[in-house]
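Just so you know, we're using the UniProt record's numbering here: the sequence shown kicks off at 1 and counts up by one.
Cβ atoms here follow ideal geometry from the backbone N, Cα and C, with glycine treated the same way.
Bear in mind that the values here come from a model prediction, so they are computed numbers and not experimental data.
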Amino acid sequence: MHSDRFSFLAARDRGFAEQPGRPRDPHQAEAIEAEETAALMTSEATLFSVSSSSTAGGPQGITIDGEKYVPTFVDEFNGSTTSFWTGYGSGGTWATSFSPHLDDTRNIASNNELQYYIDPDMTGLPNPFTLDQGVLTIRASELDAAQQQLTGGLDYGSGMLSTEMTFDVASAYIEIRADVPDEQGFWSAFWMLPADGDWSSEIDIFEILGGDAGTVHTNLWTDGTPDADFVTGTGAGDGFHTYGLFWDADTIQWFYDGTMIRETANTVTEEMFLVINLAIGGWAGSPDATTDFGNGLGIDYLRVYELESDPGRNPTQLTESFEPGTPDVGTAQDDVINGTRWDDVIKAGSGNDTVYGDAGDDLLRGQAGADRLFGQAGDDTLQGSPGNDHLVGGTGADLLSGASGTDHMWGGAYGADGTRDEFVFSAGGGTDYIHDFEVGIDVVDLTAFASDWTSVQSALTDQSWATYLDLALLGGQAGDGLFLVGIEAASLTIDGFLLAT
1 MHSDRFSFLA
11 ARDRGFAEQP
21 GRPRDPHQAE
31 AIEAEETAAL
41 MTSEATLFSV
51 SSSSTAGGPQ
61 GITIDGEKYV
71 PTFVDEFNGS
81 TTSFWTGYGS
91 GGTWATSFSP
101 HLDDTRNIAS
111 NNELQYYIDP
121 DMTGLPNPFT
131 LDQGVLTIRA
141 SELDAAQQQL
151 TGGLDYGSGM
161 LSTEMTFDVA
171 SAYIEIRADV
181 PDEQGFWSAF
191 WMLPADGDWS
201 SEIDIFEILG
211 GDAGTVHTNL
221 WTDGTPDADF
231 VTGTGAGDGF
241 HTYGLFWDAD
251 TIQWFYDGTM
261 IRETANTVTE
271 EMFLVINLAI
281 GGWAGSPDAT
291 TDFGNGLGID
301 YLRVYELESD
311 PGRNPTQLTE
321 SFEPGTPDVG
331 TAQDDVINGT
341 RWDDVIKAGS
351 GNDTVYGDAG
361 DDLLRGQAGA
371 DRLFGQAGDD
381 TLQGSPGNDH
391 LVGGTGADLL
401 SGASGTDHMW
411 GGAYGADGTR
421 DEFVFSAGGG
431 TDYIHDFEVG
441 IDVVDLTAFA
451 SDWTSVQSAL
461 TDQSWATYLD
471 LALLGGQAGD
481 GLFLVGIEAA
491 SLTIDGFLLA
501 T
């Protein structure tokens, strides 16, 4: 237990005069607030004291119980733009839907929510995000009939932010400075979900209903079972306040403006990512004639500090805006990786991987192993690995390269798509198969070989079920070759090949 960590709160807690399990009301402590102020400020200085290893101009460390905590995630929103995550390889921080690489969820229907979470680059819908003077504001809006056609009939648009694709943590001190809207039907929340996506637990740092914005709700979910509490009369809806969470192996503690408002035993032992959202409806009820949609959820900063001595912590952040790494996405295991609606760059890593590009003009790299790459929609580039790969371009004008091994390729979605696809070959590529080559549309890129059309014609053999191109005769290695399945040699012309000479 860590009750001694914040002993300065003892007098204030007595002022709450609460019974176990009853809501706490910090306004009941007004009579003793003045005499506690000095002690409170002193104790907060100890909690948030600057680490001696801090860098000038960058985020600073803090000290808790004499132990150094370093910033591992910070966004001060002081730049000219917000760092939104727009697909693998984009370098952005904040995803604006739940699991954009999977379900791309924009409304939690089980909560009876009325809003559709909008990406800032969506056409035909209002951008819910505004960045001004170091504050990012999320605003909800009423949608007209044409806009509702784009949201599945939902009446309202709003925004959410998450680090699902870029950052997670298993113990930390987390703090946000936010201005929550006190509008009927608005439901502001700052919470955490499991990085593995199973929703086995949840930590609600705050939930505030706009119609009762003075009440701060907290919750700890374990295997679907809630442990909820709330504090009334806080004045949370009257401007900016800080909301903090201290989370270690034993304890979780919630803070409002530096004051601990709740403490409980920790039951969450997995990596969690951060979520900030402004929902409409559900628990908050529906908006009414008094609801001002110009009043949004303002975020001044969000900071995460981890114990410096923890060998498993995230890297220390030295800038005012989080800079996510650029991992290969895949691992050494046999991964299944799903792309997004944006232009993804996906490196599958080693292992026998399956990669789906989804929409967008994607770059999919198998790297190692026997991989299955599916470009799907968009003009995609598929690069196989040294293993025996399965490459399917899908719709769009795709570029496919199998590397070494025995590779099977389709420019379309397992069939002709009427779009120009390009198949690239080089020495050492092994024996490959193109199963849906479209004469007069698709091309075979042989620019890696010093060959002319006469040499190519001499290397072609019609085997009735396919035409075989012996790439070893063009300067490739022994065994290099290409089968154009279902194609007669007589139908091929120079227009179907890209040649060096």
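I want to see whether chain D comes within less than 8 angstroms of aspartate 432, judged by CB atoms only; does it?
Absent from the structure is chain D; it holds one protein chain and no more.
Looking at the structure shown, is asparagine 111 part of a helix, part of a strand, or coil, going by DSSP?
helix
Which of the three DSSP states, helix, strand or coil, is assigned to valine 268?
coil
So, with DSSP's three-state summary, where would you put phenylalanine 293?
coil
Do you know how far the Cα of leucine 469 is from the Cα of serine 491?
C-alpha separation (whole angstroms): 14 angstroms.
Where does threonine 340 fall in DSSP's three states?
If DSSP states are grouped into helix, strand and coil, threonine 340 belongs with coil.
Going by beta carbon distance, what residues of the same chain come within less than 6 angstroms of aspartate 480, once the five residues before and after it are set aside?
Gly429, Leu471 and Ala472
Would you mind sorting valine 439 into buried or exposed? The rule is 16 or more other CB atoms within 10 Å of its CB.
Looking at its Cβ environment, which holds fewer than 16 other Cβ atoms inside 10 Å, valine 439 is exposed.
Would you tell me roughly how many angstroms separate the C-alpha atoms of glutamine 376 and arginine 341, rounded to the nearest one?
11 angstroms
For glutamate 271, tell me which candidate among Asp104, Phe374 and Asn314 has the shortest Cα-Cα distance.
The option with the nearest alpha carbon to glutamate 271 is Asn314.
C-alpha distance - leucine 318 paired with proline 71, whole-angstrom precision
8 angstroms
What first and last residue would you give for the alpha helix (DSSP H) that runs through threonine 454?
453–458
Pick helix, strand or coil for leucine 150, following the three-state DSSP scheme.
Leucine 150 falls in the helix class under three-state DSSP.
For a test of your reading of the model: does the CB of alanine 109 fall under 7 angstroms from any non-hydrogen atom of the ligand ADP? Yes or no.
With respect to the ligand ADP, the structure offers nothing, as it holds no ligand at all.
Since phenylalanine 273 and serine 162 should fall inside the 8 angstroms C-beta cutoff, what is the C-beta to C-beta distance between them, to a whole number of angstroms?
6 angstroms
Assuming threonine 467 contacts alanine 489 (C-beta within less than 8 angstroms), just tell me the rounded distance between them.
With 8 angstroms as the limit, threonine 467 and alanine 489 qualify as a contact, their Cβ atoms being about 4 angstroms apart.
Helix, strand or coil for aspartate 75? Go by DSSP, reduced to three states.
strand
Residue interval of the beta strand (DSSP E) (run including isoleucine 434)
431–434 is the extent of the beta strand (DSSP E) around isoleucine 434.
Only counting runs of 3 or more residues, tell me where the beta strand (DSSP E) segments fall wholly within the segment 455–491, in order along the chain.
460–462, 466–470 and 481–485
Proximity winner among Trp221, Asp300, Leu302 and Gly294, relative to valine 268 (alpha-carbon distances)
The shortest C-alpha separation from valine 268 is found at Trp221.
Own chain, CB closer than 7 angstroms to aspartate 292, minus 5 neighbours either side, in chain order:
Glu183
Separation of alanine 284 from aspartate 353, as counted between CA atoms
44 angstroms
Separation of alanine 448 from leucine 131, as counted between CA atoms
49 angstroms
Have a look at serine 401 and tyrosine 433 and give me their C-alpha separation to the nearest angstrom.
11 angstroms
Can you give me the Cβ contacts of aspartate 334 inside the same chain, cut-off strictly under 6 angstroms, excluding the 5 residues immediately before and after it?
Gly351 and Asn352
Own chain residues within Cβ distance below 7 angstroms of glycine 79, not counting five before or after
Ser321
Quick check: the segment 153–162 against the segment 90–107, are there 3 or more CB pairs under 8 angstroms?
yes
The beta strand (DSSP E) that contains glutamate 438, what's its start and end?
Here glutamate 438 belongs to no beta strand (DSSP E), and DSSP marks it neither H nor E.
Taking the Cβ atom as the reference point for each residue, do glutamate 76 and glycine 134 lie within a distance shorter than 8 angstroms?
yes
Would you list, in sequence order, the uninterrupted beta strand (DSSP E) runs of no fewer than 3 residues that lie entirely inside the segment 358–437?
363–365, 372–374, 381–383, 390–392, 399–401, 407–410, 422–424 and 431–434
Looking only at its chain, what residues have a beta carbon closer than 8 angstroms to the beta carbon of threonine 395, apart from the 5 residues adjacent to it on each side?
Gln376, Ala377, Gly378, Gly412, Ala413, Asp417 and Thr419
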